[in-house]
Structure formats: structure tokens, C-alpha cells
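Letter 248 of the sequence shown, counting from 1, is numbered 299 in the working numbering, and no numbers are missing. Cβ coordinates follow ideal geometry from the N, Cα and C atoms, glycine included. Note that this is a predicted model, so its numbers are computed, not measured. Please read the structure below before turning to the comments.
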Amino acid sequence: MNIKPTLITYLFKLDLFKKVKIVTESPFFQLTIELTFGFFALLVVTRILRKTQINEITPFDFISAIVMGELLGNAVFDDKIKIGMIVYALSLWAFLIMIVEKITQKFRRTRKIIEGEPAIIIRNGQIDFNVIKREHIDINELLSILRQKDAFSIREIEFAILEQSGNISVLKKSKYDNPTSEDFSLPYKSVYLPINLILDGEILDDNLQSIGFNREWLINEMNMFGVEKVKDIFYAEWKQDEGLHIVPKTKKTS
């Protein structure tokens, strides 16, 4: 009496096992597992790297994101690459990106090499054609970007800076700024560009010399702000009409 049900149960389990085996060996099943795992792996990596908005990333960040996507895409559609290899590839690439970011945060010269630096393409209302040529910007592209900044004529611009992200920051002449000086019958007022003197505890000697000052002057100005050491300053800028502005590093409190 018990043999028949047992045999039926065995055959049922055997058939079910075969179906499960067929499903798990299906390329669609493998693709689903790898793609789902890769999706969450990329999500975790992105959260760890804490990237900003897409229009704020540097060319290095953009290339890194493309390579990471290629790693995942090639791994998903290659039968020989297993999940463990996907984890290793994404983890190694994320680790390398984090190392590079730590280096660029610590060493200013390395940051300049990897991320580049801002370039002044319009200075005192005049286009710097050497910078335009070096950065491969044509006049139509420049005018288009300026229009996006609500500047429909180059004569309105006092300074325009090409940022590392590819965006252009614009400082208009005072008579074209909102509200305009002409609206209130005010006299023309010169516009000055802030000059960075200290970044992350490092003095920018080239900028300091460009405004006619030296380290001794800067140290004296720092002392007037109650700061003795350059390494204690996060950011310092100088503006001709406003003087020196210092942002000290905030110390962590226990």
C-alpha cells in the first residue's frame, strides 16, 4: 500500500528536480542573476564613492564610470565570467578610484595632473585666445555657453572661467549685472576677480606673486586673523576691493 505513493512521490520529485535544473542552467536565468547582482553592486560602489551630480563630475570621474559600466556589461554577457569575478573587478576598480581620489585630495600637484585646473578664457573683458586654442573651444561654442549664462554679448563679460567639469563660470561687468548700475544712475564700479592664495593648507605662490605680494605679507595677514600656521587654513582668497578672506580648518571635537 505504501510503495505506490512513495514511487509517485519519488518520480514527482525527480521530475521537479529536472525542471529546476533546466531553469538554473538556462542562459536567461544566469543573465538575470548576474545582471541583478551587478546592478546592486554598482549601486553599492556608487554610494561608497559618493559621486556628485553628473554636471559636476570631472573627466576622470566620467571615464571611470564608463569603464565600470563596461566591466559589468562584458561580465554579464560572458559565460566564462562568474559572479565572483564580477565582484573582484568592480571592487578593484572602486578601490583604485578611491586611492586616486585620496591622493588628489592630499597632493595639489597630483590633483592638477589628474583633474586639471580652471582656465580663464576671458580676462578683463578680453578673450585669451591662447587658452581658447589650448582648450579646443571655438567661438560658436563659447557664445552658446555664455548665452546659457544669460550673457548674450561678450562685451557684458568681465571674467569667464572654464572649470574642470567643462562648465563656464561668468562674472559680468557691473553695469550689466542685475540690477544694473544704469537703472539707478550709479557710477561705474570696477569688478575684481578673487585670487586663491591658499588651498588645503598650501600656499599658491604663483597667484601670490601675480598680485605683487610675498609669503611674508601673507603670514602677517594671517596673524591678523589669529592664524599662525598655513596648514591650519582650508581656503584663503584675496580681492582687490575687499582684501584677504580666510576660512580656517575646523578642528574635530571629541
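Beta-carbon separation (whole angstroms), residue i vs residue j, contact threshold 8 Å
i           : j           : result
residue 159 : residue 250 : 6 Å
residue 286 : residue 298 : 4 Å
residue 210 : residue 262 : Incorrect: roughly 15 Å between the Cβ atoms, too far for contact.
residue 219 : residue 213 : 6 Å
residue 265 : residue 246 : Wrong, their Cβ atoms sit about 14 Å apart, outside the cutoff.
Extent of the continuous beta strand (DSSP E) to which residue i belongs
i           : result
residue 40  : Residue 40 is absent from the structure shown; the chain starts at 52 and stops at 305.
residue 43  : Because the chain here runs from 52 to 305, residue 43 falls outside it and cannot be looked at.
residue 248 : 246 to 250
residue 295 : 294 to 299
Helix, strand or coil at residue i [DSSP, three-state]
i           : result
residue 177 : strand
residue 188 : coil
residue 277 : coil
residue 291 : coil
residue 243 : coil
residue 303 : Reliability of the predicted coordinates at residue 303 is poor, the pLDDT of 41 falling under 50, and the value obtained from them is presented with this limitation in mind. The answer is coil: DSSP assigns residue 303 none of H, G, I, E or B.
residue 202 : coil
residue 236 : coil
residue 229 : coil
Identity of the residues DSSP links to residue i by a beta bridge
i           : result
residue 216 : For residue 216, which the question treats as bridged, DSSP gives no partner whatsoever.
residue 170 : 213
residue 221 : 211
residue 183 : Answer by DSSP bridge pairing: none, since residue 183 is not bridged.
residue 286 : 250, 298
Delimiting residues of the alpha helix (DSSP H) encompassing residue i
i           : result
residue 259 : 256 to 261
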